[in-house]
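Okay, structure first, notes after.
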Amino acid sequence: MPFLCPSCNKPSLEIVRSIELPPDDEWDEITVQTLVCSGAACGFSGIGIYEESRRGALDSECVRHTGYATLSGDAAKVAALIRRKDKVGLARSIQKTFPLEYCA
Ligand SMILES: [Zn+2]
Numbered sequence: 405m406p407f408l409c410p411s412c413n414k415p416s417l418e419i420v421r422s423i424e425l426p427p428d429d430e431w432d433e434i435t436v437q438t439l440v441c442s443g444a445a446c447g448f449s450g451i452g453i454y455e456e457s458r459r460g461a462l463d464s465e466c467v468r469h470t471g472y473a474t475l476s477g478d479a480a481k482v483a484a485l486i487r488r489k490d491k492v493g494l495a496r497s498i499q500k501t502f503p504l505e506y507c508a
């Protein structure tokens with residue numbers, strides 16, 4: 405399912421690679437994703453963070469899915485940071501955040 409690209413505004417932003425990180429104090433599921441726009445002549449890349457909490461009432465769950473544009477625009481560099489679980493490096497690579505919007 406593609407997402408809306410924050411650069412060209414077309415529904416061509418796709419998840420290329422993802423890795424699940426250990427749960428933290430707030431979220432039961434944390435997945436880091438590399439995002440690349442498949443649109444011609446766009447070349448946008450960034451990372452996405454998908455977080456899901458299943459605490460609270462039995463039938464409640466909370467989901468947060470945020471996109472981060474990266475300074476380098478280099479998805480391979482970000483993917484390497486994800487493989488090393490280098491959260492500090494990931495934070496330094498982040499330029500701005502944007503909401504990830506699903507596109508039907
Ligand atoms: Zn794009």
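Sequential numbering of the sequence shown, starting at 405, is according to the working numbering. C-beta: ideal position from N, C-alpha, C; glycine also.
Grab me the residues of Asp408's own chain with a C-beta within less than 7 Å of its C-beta, minus the 5 sequence neighbours each way, in chain order. Looking at the sequence provided, one finds Leu at residue 408 rather than Asp. These residues qualify, in order along the chain: Pro415, Leu417, Glu505, Cys507.
Pick out whichever of Glu455, Gly471, Ser464, Val492 has its Cα sitting closest to the Cα of Phe448. Comparing Cα-Cα distances from Phe448 to each of Glu455, Gly471, Ser464, Val492, the minimum goes to Gly471.
Roughly how many angstroms separate the alpha carbons of Lys489 and Leu425, rounded to a whole number? Distance between the alpha carbons of Lys489 and Leu425: 8 Å.
Asn413 to Ala461, Cα distance in whole Å? When rounded, the distance between both Cα atoms is 37 Å.
So is Ala495 buried or exposed if we call it buried at 16+ other beta carbons inside 10 Å? Exposed: under 16 other Cβ atoms inside 10 Å.
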